[in-house]
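Just below is one structure, and these are the notes that go with it.
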Amino acid sequence: MSAPVSTTETMNIVIVGHVDHGKSTMVGRLLADTGTLPEGKVEKVQATCRRQGKVFEYAFLLDALEAEQDQGITIDAARVFFKTAKRDYIIIDAPGHVEFLKNMVTGAARAEAAVLLIDAGEGVQENSRRHGYLLAMLGIRQVVVAVNKMDLVDYDQGAFDAIVAEYREFLAEIGVEPLQFIPVASRTGEMIARRSDKLTWYDGPTILEAVDGLSKQPQQENLPLRFPVQDVYKWGHRGDDRRIVAGRVEAGSLAVGDEVVFWPSGKRSRVASIEAFSAPSVERIGARRSTGITLTEQIFADRGDVISHADAPPAVANRLRVKLFWLGRAPMTQGRAYKLKLATAEVEARIVAIHRVLDASDLDSSTDKRLVERHDVADVTLALRRPIAVDRAEDSEATGRFVVVDNYDIAGGGIVSAHKLDAIAAASGAQRRHALLGHGPALVNIRGPAERGRAIADALEGELIGLGNLAYVVDEGASPSVIAALLDAGLIVIAPGEANLVDPPAPCVDVALGGGEGDVILDADVSAAAACDAILGELASHDRLRQH
1137 MSAPVSTTET MNIVIVGHVD HGKSTMVGRL LADTGTLPEG KVEKVQATCR
1187 RQGKVFEYAF LLDALEAEQD QGITIDAARV FFKTAKRDYI IIDAPGHVEF
1237 LKNMVTGAAR AEAAVLLIDA GEGVQENSRR HGYLLAMLGI RQVVVAVNKM
1287 DLVDYDQGAF DAIVAEYREF LAEIGVEPLQ FIPVASRTGE MIARRSDKLT
1337 WYDGPTILEA VDGLSKQPQQ ENLPLRFPVQ DVYKWGHRGD DRRIVAGRVE
1387 AGSLAVGDEV VFWPSGKRSR VASIEAFSAP SVERIGARRS TGITLTEQIF
1437 ADRGDVISHA DAPPAVANRL RVKLFWLGRA PMTQGRAYKL KLATAEVEAR
1487 IVAIHRVLDA SDLDSSTDKR LVERHDVADV TLALRRPIAV DRAEDSEATG
1537 RFVVVDNYDI AGGGIVSAHK LDAIAAASGA QRRHALLGHG PALVNIRGPA
1587 ERGRAIADAL EGELIGLGNL AYVVDEGASP SVIAALLDAG LIVIAPGEAN
1637 LVDPPAPCVD VALGGGEGDV ILDADVSAAA ACDAILGELA SHDRLRQH
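Just so you know, the sequence shown maps onto residues 1137 to 1684 in my numbering.
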């Protein structure tokens, strides 16, 4: 079933906490105490518990609703809908087990605020700290902390104050200022929707009052257009070669007649129509809506492309500075290939630099680690096999957050750092080739004895290719136009003899073999290995080599 249609404001909240700290009970209470449940549902579940000899728990309401899909309430995975007099809410119930933190990385991606539960009896756990850090990493700054099960500690203010002091100090270290700490007894409903005469020492809001006091994020429709392409379908009518570009408008809005740009290719067209399945076409569509569009000019588009308006494009990059949380069974290591999924794009990614590794449970950090172990948070640079459209996470959550797949399992997730994006903002053809190859073009002109020069050229080509650079040796006397075309394509061109290029469109390394003037001067009998080392050093000084 789909979510209830409402004309009022809607807010997404994620509920997180250590296992058995009472998340499901709180959600069940919220549903019951706001009158969201179908009439008679609580009584029906209570009767079932009596027949089975069980003690009734409000957490059982979620199991019953999920099994029955009752009219008036929707359970979609772990998404629950309820409403107050102020607005509608969607609750994302994120599992608390360490093993399932990865669900929170993706499930919390849509959340605007969080309610984080801590058991009053157990106190702050490692997972409590990890959850807090993950919320901060995902940019969820509105956090309400519910100290639950106060009934099990006899509503003791001292127990509550100790947890508040410890957890507030931790959150301050990661830059999170909690909006409120609330003593709660979810089982009895105290401080969920109603106050408690056993907590008279607390004069703050209830859970419902606190969430109603949360601020809405800016409407996604007011942000720049981000429309990741899910697929492209051919129109079914004979003689009609139009294609429907399908996907979900994650941010911004789209109207018939709009000029749009497809990234990373930079191809442009205009929206001819906005289609819907078994429904009339519309003139405009907003954020969080799935649709299909046709174009006035048919261009090649593919899954993973991102559509934007021309005046507010995403970046195009093949190297990303990211902060990620690792959950894989095996450590994440430099050089190993992983799959990165960002919006609808999937691309091979490798760590090329580990800048800092942090244990999210105690904030112990290291700059010396060469791998990322399970439950670590790492600041790393990823090299992608090809450029993709991307944004900083603070600018666009849909195109700034990602997951990492290792052997078909989601093994991590994270965000593109706000200030460390190695991006190509104006993606010209030359820049995209540079991003794809990982290096820029260069001309290596080797002057001197022809036979020796050719031997060094061949050896240099092999060294460059072995290092991941695209290189090509042209024959002596090759046409300047051929050399220029190869340079324009982004290659490192090695030219034995005189290249005769008056104004090379790329840095030129002039190698003088056997004396004379040049950037690299070598003896005529220099070994090929020594010559290659010297030339590679000069190319590196021009930043022409692929970085590893």
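Built from N, CA and C at the ideal position, the CB exists for glycine as well.
In this structure, Gly1275 keeps its C-beta atom at 8 Å or more from the C-beta atom of Glu1509.
About 16 Å separates the Cβ atoms of Leu1596 and Ile1619, ruling out a contact at the 8 Å cut-off.
If you compare the alpha carbons of Met1147, Val1216 and Glu1145 with that of Thr1161, the shortest gap goes to Val1216.
A direct Cα-to-Cα measurement between Gly1464 and Ala1593 gives close to 44 Å. Remark: three or more beta-carbon pairs, one from each stretch, lie closer than 8 Å, so the segment 1300-1317 and the segment 1262-1273 are flagged as touching. Secondary structure within the segment 1335-1384: the alpha helix (DSSP H) runs of 4 or more consecutive residues, fully enclosed, are 1343-1348 (chain order). Judged by beta-carbon spacing, Ile1343 lies beyond the 8 Å limit of Ala1437, meaning their Cβ atoms are not closer than that value.
Runs of the beta strand (DSSP E) lying entirely within the segment 1560-1634 and spanning at least 3 residues, in chain order: 1578-1583, 1607-1609 and 1628-1632.
For a cut-off of 8 Å, the C-beta gap from Ile1671 to Val1580 is around 6 Å, short enough to register as a contact. Here His1678 carries a coil assignment [DSSP, helix/strand/coil]. Inter-segment contact for the segment 1439-1447 and the segment 1391-1402 is present: three or more beta-carbon pairs are separated by less than 8 Å. Per the C-alpha coordinates, the member of Val1279, Gly1158, Val1320 and Ala1272 positioned closest to Asp1292 is Val1320. From the listed residues Phe1538, His1511, Arg1165 and Ala1514, the smallest Cα separation to Ile1524 is found for Phe1538.
Distance from the Cα of Thr1146 is smallest, within the candidate group Arg1424, Ala1578 and Ile1310, for Arg1424.
Segment contact: the segment 1538-1549 against the segment 1473-1490, three or more CB-CB distances shorter than 8 Å; contact assigned. The C-alpha of Ala1660 lies about 27 Å from the C-alpha of Asp1679. According to the DSSP secondary-structure assignment, Arg1265 is paired through a beta bridge with no residue.
From the listed residues Ala1519, Ser1677 and Thr1432, the smallest Cα separation to Lys1403 is found for Thr1432. Annotated three-state conformation of Ser1426 is strand, per DSSP. DSSP places Tyr1544 outside both helix and strand once states are collapsed to three, so it counts as coil. For Arg1522 against Gly1604, the beta-carbon gap comes to about 14 Å, at or over 8 Å, which does not count as contact.
In this structure, the alpha-carbon of Val1418 lies about 8 Å from that of Val1392. With fewer than 16 other Cβ atoms from the protein chains shown falling within 10 Å of its own Cβ, Phe1413 counts as exposed. Contact between Ile1380 and Gly1428 holds, since their C-beta atoms are separated by about 4 Å, short of 8 Å. Here the C-alpha atom of Leu1252 lies approximately 11 Å from the C-alpha atom of Leu1315.
A direct Cα-Cα distance of roughly 16 Å separates Gln1470 from Ser1502. Cα atoms of Glu1533 and Gly1602: separation of roughly 38 Å, rounded to the nearest angstrom. Comparing alpha carbon positions, the residue from Leu1494, Gly1549 and Tyr1544 closest to Glu1309 is Leu1494.
Cβ neighbours of Phe1296 within its own chain (closer than 6 Å, five residues either side excluded): Val1283 and Pro1319. DSSP places Gly1164 within a helical segment (H, G or I) once states are collapsed to three. With respect to the 8 Å criterion, Gly1633 and Gly1598 are not classified as neighbours on the basis of their beta carbons. Under the 10 Å beta carbon count, Arg1455 is surrounded by 16 or more other beta carbons and is classified as buried. Distance between Ala1591 and Val1488, taken at the CA atoms: about 32 Å. Under the three-state reduction of DSSP, Glu1305 is assigned to helix.
Around the beta carbon of Asp1500, fewer than 16 other beta carbons sit within 10 angstroms, so the residue counts as exposed. Boundaries of the beta strand (DSSP E) harbouring Thr1517: Asp1512 to Val1526, taken from the DSSP string.
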